[in-house]
Amino acid sequence: MCNGTHALIFATNNQNKATEINAILGTAFKISTLREIGLEIDIPEPHATLEENAREKSTTIYKLTQSDCFGEDTGLEVEALQGAPGVRSARYAGEHCNTEDNIKKLLQELATEQNRKARFRTVISLIENGNEYQFEGVCEGMIAWTSHGEQGFGYDPIFIPLGSTKSFASMTLDEKNKFSHRKKAVEKLVAHLHQKSRT
Ligand code: IMP
52 MCNGTHALIF ATNNQNKATE INAILGTAFK ISTLREIGLE IDIPEPHATL
102 EENAREKSTT IYKLTQSDCF GEDTGLEVEA LQGAPGVRSA RYAGEHCNTE
152 DNIKKLLQEL ATEQNRKARF RTVISLIENG NEYQFEGVCE GMIAWTSHGE
202 QGFGYDPIFI PLGSTKSFAS MTLDEKNKFS HRKKAVEKLV AHLHQKSRT
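Take a look at the structure:
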């Protein structure tokens with residue numbers, strides 16, 4: 052900590068995630084992505100759960116930097132697909148596929164499926180003074196029949212959060228953050244950091 056500001060490394064190369072989290076954190080927190088601290092590293096996601104992959108990211112960076120840091124892993128869990136793509140969301144259509152391929156595959160899998168229920172789940176793993184803490188955020192919603200919108204990233208064009216008729220990709224960042232899984236997990240992280248700084 053310095054000058055009342057928490058400095059944290061965010062173990063990601065995903066600028067979209069960093070932008071979302073910065074919009075939530077405000078000025079009491081300063082996060083730096085791996086690129087911003089000059090670390091060229093692509094941390095693998097080899098595990099079967101979001102919890103383990105989030106921990107893989109945070110512990111890898113903690114070992115390299117010895118600084119407080121956090122990693123996060125997110126999955127889209129579709130009820131009719133028994134929770135798939137889940138932890139494999141980034142690689143759903145194959146190891147070297149892109150977002151469009153993933154969306155196309157998911158829409159194909161659900162082509163005749165009336166149960167469109169799905170949820171995003173984010174797990175954050177914080178390493179603070181060498182100890183690990185985890186925070187979860189869930190956003191319930193449904194998978195649209197087709198893609199809508201140009202904002203956001205990943206599966207945003209086909210995910211409609213409960214309480215809205217618009218896809219995440221049709222929302223501004225502020226609108227997405229009213230519903231977002233990541234926002235809920237980050238709020239728990241922030242509450243933890245505030246509590247720690249008072250004790
Ligand atoms: P990861 O957490 O980077 O492994 O992301 C898993 C997959 O879910 C990737 O394909 C991401 O693009 C996607 N993803 C993660 N967070 C979001 C989100 O907030 N909206 C839409 N897609 C997301």
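Oh and the sequence shown: position 114 is 165 in my numbering, straight run, nothing missing.
The C-beta atom is built at its ideal place from N, Cα and C for all residues, glycine as well.
Pick helix, strand or coil for residue i, following the three-state DSSP scheme.
| i | result |
| --- | --- |
| residue 169 | strand |
| residue 62 | coil |
| residue 217 | coil |
| residue 245 | helix |
| residue 53 | Its pLDDT being 40, under 50, residue 53 is placed unreliably by the model, and nothing is read from it. |
| residue 159 | helix |
| residue 194 | strand |
| residue 92 | coil |
Starting from residue i, follow its DSSP beta bridges and name the residues at the other end.
| i | result |
| --- | --- |
| residue 127 | 137 and 171 |
| residue 97 | According to DSSP, residue 97 bridges with nothing at all. |
| residue 68 | Per DSSP, none; premise fails for residue 68. |
| residue 143 | Per DSSP, none; premise fails for residue 143. |
| residue 182 | 179 |
| residue 84 | 61 |
| residue 211 | 193 |
Near residue i, what residues of its chain come up, given a Cβ to Cβ distance below 8 Å and the 5 sequence neighbours on each side ignored?
| i | result |
| --- | --- |
| residue 74 | 224, 225 and 228 |
| residue 53 | A caution first: residue 53 carries a pLDDT of 40, below 50, which makes its placement in the model too unreliable to give a value. |
| residue 238 | 75 and 188 |
| residue 88 | 60 and 116 |
| residue 72 | 61, 82, 233 and 237 |
Quick check: does the Cβ of residue i come within less than 7 Å of any heavy atom belonging to the ligand IMP?
| i | result |
| --- | --- |
| residue 65 | yes |
| residue 184 | no |
| residue 127 | yes |
| residue 205 | yes |
| residue 172 | no |
| residue 152 | no |
| residue 61 | no |
| residue 238 | no |
| residue 140 | yes |
| residue 96 | yes |
| residue 219 | yes |
| residue 124 | yes |
| residue 106 | no |
| residue 230 | no |
| residue 233 | yes |
If you measure from the beta carbon of residue i to each beta carbon in chain D, is any gap under 8 Å?
| i | result |
| --- | --- |
| residue 160 | Included in the structure is just one protein chain, with no chain D present. |
Which first and last residues belong to the alpha helix (DSSP H) in which residue i is found?
| i | result |
| --- | --- |
| residue 204 | First-last for residue 204: undefined, no H or E at that position. |
| residue 228 | 224 to 230 |
So, for residue i: in the same chain, excluding its five sequence neighbours on each side, which residues have a beta-carbon less than 7 Å away from its beta-carbon?
| i | result |
| --- | --- |
| residue 192 | 169, 170, 210, 211, 212 and 213 |
| residue 110 | 178 |
| residue 37 | Residue numbering for the chain in the displayed model covers 52 to 250; residue 37 lies beyond these limits and cannot be assessed. |
Which same chain residues, not among the five before or five after residue i, have their C-beta less than 6 Å away from its C-beta?
| i | result |
| --- | --- |
| residue 57 | 80 and 244 |
| residue 140 | 126 and 127 |
| residue 186 | 175, 236, 239 and 240 |
Within the continuous beta strand (DSSP E) that includes residue i, where are the two ends?
| i | result |
| --- | --- |
| residue 118 | Segment: none, residue 118 is in no beta strand (DSSP E) and carries neither H nor E. |
| residue 78 | Here residue 78 belongs to no beta strand (DSSP E), and DSSP marks it neither H nor E. |
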